[in-house]
Each structure stands twice: as structure tokens, then as C-alpha cells.
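Engineer: Quick one: the structure is below, and I'll ask about it shortly.
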Amino acid sequence: MFQGMVKIVENQDFEGFFKMKLDCVEKVKLAKPGQFILIDCGARTFLKRPFSIHNLREDCFEILYKTVGKGTRALAKKRKEEFVNILGPLGQGFRIESKTKKIYLIGGGMGIAPLLFLANSYPEIEREVFIGASGLDELAFFARNNFRVVVGPEFIKIATEKGSYGHKGLVTDLLPSSFEEKSQIFACGPPLMLKEVVKIALKNNVPCQVSLEARMACGLGVCRGCVIKTKSGLKAVCKDGPIFKSQEVIWDD
Ligand code: FES
């Protein structure tokens, strides 16, 4: 795990969300898909903010974010060549079973963030990507362009709630009625979407892992500020997750 300052290589505004590229120090190069980084966004925000690793290259790693509060607004103002303090990589990544032949990646909104890194890491496995962008057309274009280089255009399906891009409706409408044998589902997005994905996975008997979000302070499993209920007791999203087997999670109604 690395703690220290890293240089911003790029902080690009995509009208609605941002992609930030950061210098990749050696320890971050060991990150696994699904892990995250805490970043001190500045602007007198007390806590560091968690960001999934969106992509990892030899010389840099990327995060995606939307400006939703003081921290991310401050991050959006940062420029190339400035430095930010980070801690990570943290948490447990996605786990691919050894015999898996196909993975279904389902992302809602900024939930697409960890899925590109995952798709990139398993070129030998067939990958199909489902993106729900709820009217964020810019995000839909961005995701389509990035994923199509990795998995091929025929393996990407997009839904927007207003139908402004792709299928009109929910991303879960696009999931197949039956899943291929020896497949796994990986999902990240809003809780309602995750619950629906979990139901579909259960009905079709497909192993499913979900990436959960939580407010975080320490990021190390110490403060217990991010615990969730699971069938094996309370678990810290930052340390035991953010990736959980779907059947382990106890979902609030
Ligand atoms: Fe402290 Fe998770 S943020 S235990």
C-alpha cells in the first residue's frame, strides 16, 4: 500500500463527470480490479474520498468521478502537474473463478468505474458489458468508446432511462433471459440496480459479485464507519469489500 503525493497527469471534464489520470507509483501498479484509492481532495475537507481504480496503465492510473460535494468539486478544480495525497490500493478486488468462461459486467452511472479495469485484466475470457447511464449521454458515449476497444462493440449494451441513448429503460432490461454456463456476473451501481441484478443472478443460478459504496474515513477497517450487514456478521466495506459475493450481503428493504 502506498501513502504519499502523486502528480495529476490529466483532469478532463466530460460535461457531467471527470476522468483524472494520476502518476502510477510502483505500489499502485500492484492494484487488482475492484480495489480503490483514497484521495485527499483538499478544500479543507476532513476525510479522504474513495475512488475505484478505473484503469491502470504502465505509467498512470485513472479514476472517474462526478462532482457531488465539496471534495469532488475541489478535485475538479485541480490542474495537470498539481499533486494530491493518496492512500491505496485498498480493499478486496473482484475474484474470477478459475473455470469461468464468460463474465457479464453491469455498471449503473459512475458504477462503470471499476469495470473497465476488470474487463482489461481478463482478455482471455469473453466479456459482455451492460451500461446504464440514466440520461447521462456523455457518460454513455465515453463508456461505449472505452469498452469497445477492450471487448468489441458487439459486446456492449447501453440503456438510458429517457432513451436519449441506446435502449430506453433500465440496464437490467438488457440482461439475457439465460446466462451462459460457467459465467459470472460483476455489478457496480446504485442499490436499486444492484438488488435487481442480484435477483436475476439468483434466479439463473449465476455467481455474482457486487461492488458496494460507503462513506469512508480510515479506509483500513479501523473506524468501523463503513460497516454493512452480511450473513457472516458486520463487515467493513473498505477492508472486507468493496467487492462482496451478492448472496453474502443483507440488503435493506
Ligand atoms: Fe474506517 Fe471502513 S472507513 S472501517
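In the working numbering, the protein residues as written are 815 to 1067.
Don't be surprised by glycine CBs; every beta carbon is placed ideally from N, CA and C.
Cβ of residue 863 within 6 Å of any heavy atom in the ligand FES?
Structural biologist: Your numbering for residue 863 matches position 49 in the sequence shown. The answer is no for residue 863.
Engineer: According to DSSP, which residues form a beta bridge with residue 868?
Structural biologist: Along the sequence shown, one-based indexing puts residue 868 at 54. Answer by DSSP bridge pairing: none, since residue 868 is not bridged.
Engineer: Is the Cβ-Cβ distance between residue 1009 and residue 1065 less than 7 Å?
Structural biologist: As a position in the sequence shown, residue 1009 is number 195, starting the count at 1. As a position in the sequence shown, residue 1065 is number 251, starting the count at 1. In contact: residue 1009 and residue 1065 (Cβ atoms closer than 7 Å).
Engineer: Can you check which of these residues, 834, 1025, 1059, is closest to residue 932 by C-alpha distance?
Structural biologist: Sequence index remark: in the sequence shown, residue 932 carries index 118 (1-based). The candidate whose alpha carbon is nearest that of residue 932 is 1025.
Engineer: Hey, quick one: how far does the beta strand (DSSP E) through residue 1000 stretch, first residue to last?
Structural biologist: For this step, residue 1000 is matched to residue 186 along the sequence shown. From DSSP, the beta strand (DSSP E) with residue 1000 extends over 997–1002.
Engineer: How far does the alpha helix (DSSP H) with residue 886 in it extend, from its first residue to its last?
Structural biologist: By 1-based counting over the sequence shown, the position of residue 886 is 72. Note, residue 886: alpha helix (DSSP H), 884–890.
Engineer: Within this structure, are the beta carbons of residue 868 and residue 852 separated by less than 7 Å?
Structural biologist: In the sequence shown, counting from the first residue as 1, residue 868 sits at position 54. In the sequence shown, counting from the first residue as 1, residue 852 sits at position 38. Not closer than 7 Å, so no.
Engineer: I'd like to confirm the pairing. Which residues does DSSP put opposite residue 815 in its beta bridges?
Structural biologist: Taking the sequence shown and counting its residues from 1, one reaches residue 815 at position 1. According to DSSP, which records beta bridges pairwise, residue 815 is partnered with nothing at all.
Engineer: Considering only their Cβ atoms, is the gap separating residue 860 from residue 904 smaller than 7 Å?
Structural biologist: By one-based count along the sequence shown, residue 904 stands at place 90. By one-based count along the sequence shown, residue 860 stands at place 46. Contact flag unset, no.
Engineer: What residues in its chain sit with their C-beta under 7 Å from that of residue 1059, if we drop five residues either side in the sequence?
Structural biologist: Along the sequence shown, read from residue 1 onward, the residue named residue 1059 stands at position 245. Excluding sequence neighbours, residue 1059 sits near 1023.
Engineer: Check whether chain D comes within 7 Å of residue 1024, counting only Cβ atoms and requiring the distance to be less than that.
Structural biologist: No chain D appears in the structure shown, which is made up of a single protein chain.
Engineer: Mind checking who residue 919 pairs with in its DSSP beta bridge?
Structural biologist: Within the sequence shown, residue 919 is the residue found at index 105, counting from 1. Residue 919 pairs with 943, 1000.
Engineer: Can you give the Cα-Cα distance for residue 929 and residue 964, rounded to whole angstroms?
Structural biologist: Indexing the sequence shown from 1 puts residue 929 at position 115. Indexing the sequence shown from 1 puts residue 964 at position 150. Cα to Cα, the separation comes out at about 11 Å.
Engineer: Need the endpoints of the beta strand (DSSP E) that residue 1013 sits in, please.
Structural biologist: Reading the sequence shown from its first residue, position 199 is the one you call residue 1013. No beta strand (DSSP E) holds residue 1013; the alpha helix (DSSP H) holding it covers 1005–1017.
Engineer: Figure out for me which residue from 910, 987, 960, 913 has the closest Cα to the Cα of residue 946.
Structural biologist: Locating residue 946 in the sequence shown gives position 132, where the first residue counts as 1. Here the closest residue by C-alpha is 987.
Engineer: For the candidate residues 818, 993, 901, 953, whose alpha-carbon lies nearest to that of residue 833?
Structural biologist: For the purposes of this step, residue 833 is taken as the residue at position 19 of the sequence shown. When each option's Cα is compared against that of residue 833, the closest is 953.
Engineer: Which residues in the same chain as residue 985 place their Cβ atom closer than 7 Å to its Cβ, once the five residues preceding and following it in sequence are excluded?
Structural biologist: Here residue 985 corresponds to residue number 171 of the sequence shown, with the count starting at 1. Taken in chain order, the residues that qualify are 920, 922, 944, 945, 946, 973, 1007.
Engineer: Please identify the residue among 892, 941, 893 whose C-alpha is closest to the C-alpha of residue 997.
Structural biologist: Against the sequence shown, residue 997 aligns to sequence position 183. Minimum Cα-Cα distance from residue 997 among the listed residues 892, 941, 893 corresponds to 941.
Engineer: Since residue 1000 contacts residue 908 with CB under 8 Å, what's their CB separation in whole angstroms?
Structural biologist: The residue given as residue 1000 occupies position 186 in the sequence shown. The residue given as residue 908 occupies position 94 in the sequence shown. Yes, residue 1000 and residue 908 are in contact; Cβ-Cβ is about 5 Å, under 8 Å.
Engineer: Consult DSSP for residue 1025 and reduce its assignment to one of helix, strand or coil.
Structural biologist: Your numbering for residue 1025 matches position 211 in the sequence shown. Residue 1025: strand per DSSP, three-state reduction.
Engineer: Which residues in the same chain have their Cβ closer than 6 Å to the Cβ of residue 934, if we skip the five residues on either side of it in sequence?
Structural biologist: Counting from 1 along the sequence shown, the entry for residue 934 is found at position 120. Once the five neighbours on either side are set aside, the close Cβ partners of residue 934 are 964.
Engineer: With DSSP run on the structure shown, which of helix, strand or coil describes residue 1150?
Structural biologist: Because the chain here runs from 815 to 1067, residue 1150 falls outside it and cannot be looked at.
Engineer: Beta strand (DSSP E) containing residue 857: first to last residue?
Structural biologist: Here residue 857 is taken as the residue at index 43 of the sequence shown, counted from 1. That residue, residue 857, is in no beta strand (DSSP E); it is neither H nor E in DSSP.
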